[in-house]
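In mature numbering (1 follows the signal peptide of the UniProt record, and there is no 0), the protein residues as written are -22 to -1, 1 to 690.
Right under this line is the structure:
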């Protein structure tokens, strides 16, 4: 619902500018006003007060973005301070923002932080279009190549199709929508304008279903799919009648996030409707008093409020008078009468929730639908981005109620499409192009028009990306604690160990002799718990598991790499490049670390962002087939080989296969290697020489003894 912050500037703008219908919508709805209103502002500097004219305002996070005298300012609703926007090099008139209110996830916050700024009616070739990705603090120019003489009517952030959508007009008094995304720019068909450009308004209702309402005094149009298809708004009971009726103009349009809409016309008539695949309205019997300057607003319960601002001279503020129109009562008095709702139940557990789809995963949704025996309505599932998600739905009979009515269950399965058509017509993996994309799935009752007011569409938001709780673990089946090598008490009691200088490189560059002294390490049992126990002479690989929160998902079957966090390098790999059947030269730690611009950091040197498989024939030519192959996979024969060394290792594993998950899957664990013979006190060459000398002496002694015995 509409916010009731007490700041003076906020109330003044609310009083005089048209606004949307509830809190979620008001956060993202574009306000505009033809007659500019004077407001008083105080800059952050403790200087005097300035007067200015407001042309547009929009909520952005915890701020109110206001265009005053052609410049954008952010007014903090929490601190009451003003901040001028940076990077805007020309005069602007309109600010546009969409607020994502269903999650605090980064993708949702990125949507809320996107602010668009433009000069209404300016020629597109003037490039007076700006975009901010940090909540309106700073802007950069958003390049938009004009295809002809085009003028800007509106600019909208539509994350459910991963696009910025511009509403443009040509010099033939026609308008169209252009979808601007990372991969392509698509323009819709032209539609005639019936009023001057300055009187055209576009409402982007809350809910992220891709709906748009375009209206002016003599025009009311509706788009169910981000401006691609545009249809008129019809009046029930009148054949082919559309809004507005002849000789009548539109004064106001209000919407809410459940698809409801209200239209007030110049004859005082109020129309109520619902937007789905199409928009249909019914005429209310009540007549609105137009002598009062009312603003329409939907309440949380779906009823309509008429708000009137009234100046309070005594308190030097603004009061609000409001009248509530009970929609359900008005629907019982319409002509023709609205059909009573023939649906007993329509609900789900997913309404309003956010779901994640990782690579290769699916989301299963379910809704309950119980219609009366003669009901002609049926549930229809829509998705905002059909190029991103595949949808499979099935409605099955699921028993009967206690009254004998059949009960139905609608099962919905969603999964990501792995290929999409690029601008050049080729197919590319969508997983590499659309990470972080939002989509909205909605289940609505098809054919109900304005019936069943209390059964709102069931919406779920789908985010293509990494679920917050997804992570990897190493299976610890045999540890030093289970075998008695160490006890937990020992590891907790300031346990430490020493890494000889001959087996580690402080720069992690695998250089022998690079360390000048031994390294003393304090063991952290809280980070690593009990170390895995591995025999030195056994080829070994960690067993990686994929978890989502506390739920086991699967064994990790993707390529991964690992390094010793303290710089130890006295281990090797079982397979060579040739053994791994590589067709191109594989990456390795030494080359990737040396390519880093600053100090080598193995945590970032080799990740899913820069991994290249040696099975890719487009990679670098194969130049060293005998080199060690440093990529591991539980489904291959490659393993880690430890030397004749007893000691502790702390490894960090990084899953590098970019086609396995959107998540940066890493984990750190400890390994204790045992069973190696103690090192010899003498060098091997000296020991061999002594052994040979003793062998020769014994051989000579035996020769002389045998010779003496022979003479006797």
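Every residue gets a Cβ at the ideal spot worked out from N, C-alpha and C, and that includes glycine.
By the three-class DSSP mapping on this structure, what secondary structure does residue i have?
i	result
residue 135	strand
residue 119	strand
residue 679	helix
residue 88	helix
residue 305	helix
residue 357	strand
residue 298	strand
residue 103	helix
residue 494	coil
residue 340	strand
residue 331	strand
residue 583	helix
residue 76	coil
residue 731	With the chain represented from -22 up to 690, any question about residue 731 goes unanswered, as that position is not in the structure.
residue 46	strand
residue 667	helix
residue 150	coil
residue 164	strand
residue 390	strand
residue 488	coil
residue 433	coil
residue 54	strand
residue 21	Reliability of the predicted coordinates at residue 21 is poor, the pLDDT of 45 falling under 50, and the value obtained from them is presented with this limitation in mind. Three-state result, residue 21: coil.
residue 98	coil
So, under 8 Å CB-CB, residue i and residue j are touching, yes? Tell me the CB distance rounded to an integer number of Å.
i	j	result
residue 303	residue 271	Actually they do not touch by this definition, with Cβ atoms about 17 Å apart.
residue 195	residue 177	6 Å
residue 603	residue 556	4 Å
residue 166	residue 209	Actually they do not touch by this definition, with Cβ atoms about 13 Å apart.
residue 416	residue 335	No, residue 416 and residue 335 are not in contact; Cβ-Cβ is about 11 Å, not under 8 Å.
residue 597	residue 562	3 Å
residue 171	residue 153	6 Å
residue 124	residue 102	4 Å
residue 470	residue 554	With a Cβ gap of about 42 Å, residue 470 and residue 554 do not count as contacting.
Measure the C-alpha to C-alpha separation of residue i and residue j and round it to an integer number of angstroms.
i	j	result
residue 32	residue 291	23 Å
residue 493	residue 577	16 Å
residue 533	residue 521	8 Å
residue 640	residue 632	13 Å
residue 275	residue 229	14 Å
residue 241	residue 587	51 Å
residue 497	residue 476	6 Å
residue 645	residue 618	17 Å
residue 53	residue 609	53 Å
residue 451	residue 506	11 Å
residue 418	residue 251	22 Å
residue 650	residue 82	41 Å
residue 584	residue 77	36 Å
residue 245	residue 143	34 Å
residue 301	residue 212	27 Å
residue 106	residue 269	39 Å
residue 174	residue 221	18 Å
residue 453	residue 439	34 Å
Looking only at its chain, what residues have a beta carbon closer than 7 Å to the beta carbon of residue i, apart from the 5 residues adjacent to it on each side?
i	result
residue 91	39, 111, 112 and 113
residue 676	none
residue 622	514, 654 and 655
residue 316	260, 309, 428 and 429
residue 628	506, 542, 543, 544, 646 and 648
residue 238	252, 276 and 280
residue 223	none
residue 297	288 and 290
residue 443	85, 334, 413, 414 and 640
residue 459	465, 466 and 508
residue -8	Its pLDDT being 42, under 50, residue -8 is placed unreliably in this model, and the coordinates cannot settle the point.
residue 499	474, 475, 477 and 544
residue 638	337 and 536
Any Cβ of chain B within less than 9 Å of the Cβ of residue i?
i	result
residue 454	Here there is only one protein chain, and chain B is not present.
Got a sec? Which residues, its chain only, sit under 6 Å from residue i by beta carbon, not counting five neighbours each side?
i	result
residue 345	326, 388, 421 and 436
residue 735	Outside the displayed span of the chain (-22 to 690) sits residue 735, for which this structure offers no information.
residue 2	The predicted model places residue 2 with a pLDDT of 32, which falls under 50 and marks its position as unreliable, so this point remains unresolved.
For residue i, which residues from the same chain have a beta carbon less than 8 Å from its beta carbon, with the 5 sequence-adjacent residues on both sides left out?
i	result
residue 108	65, 66, 70, 94, 95, 96, 117, 118, 119 and 120
residue 141	157, 158, 159 and 204
residue 359	369, 371, 388, 390, 419, 420 and 421
- Run through the stretch 166 to 206 for me and flag every whole beta strand (DSSP E) of 3 or more residues, listed as ranges in chain order. Fully enclosed beta strand (DSSP E) runs of 3 or longer: 179 to 181, 190 to 194 and 197 to 201.
- What are the uninterrupted segments assigned as beta strand (DSSP E) that are 3 or more residues long and contained completely in the stretch 496 to 577, given in chain order? As summarised for the stretch 496 to 577, the continuous beta strand (DSSP E) elements at least 3 residues long and confined to that stretch are 497 to 500, 510 to 513, 522 to 526, 529 to 533 and 538 to 542, given in chain order.
- At what residue ranges does the stretch 596 to 665 contain a whole run of the beta strand (DSSP E), taking only runs of 3 or more? Counting only runs that start and end inside the stretch 596 to 665, the beta strand (DSSP E) elements of at least 3 residues fall at 625 to 633 and 644 to 652.
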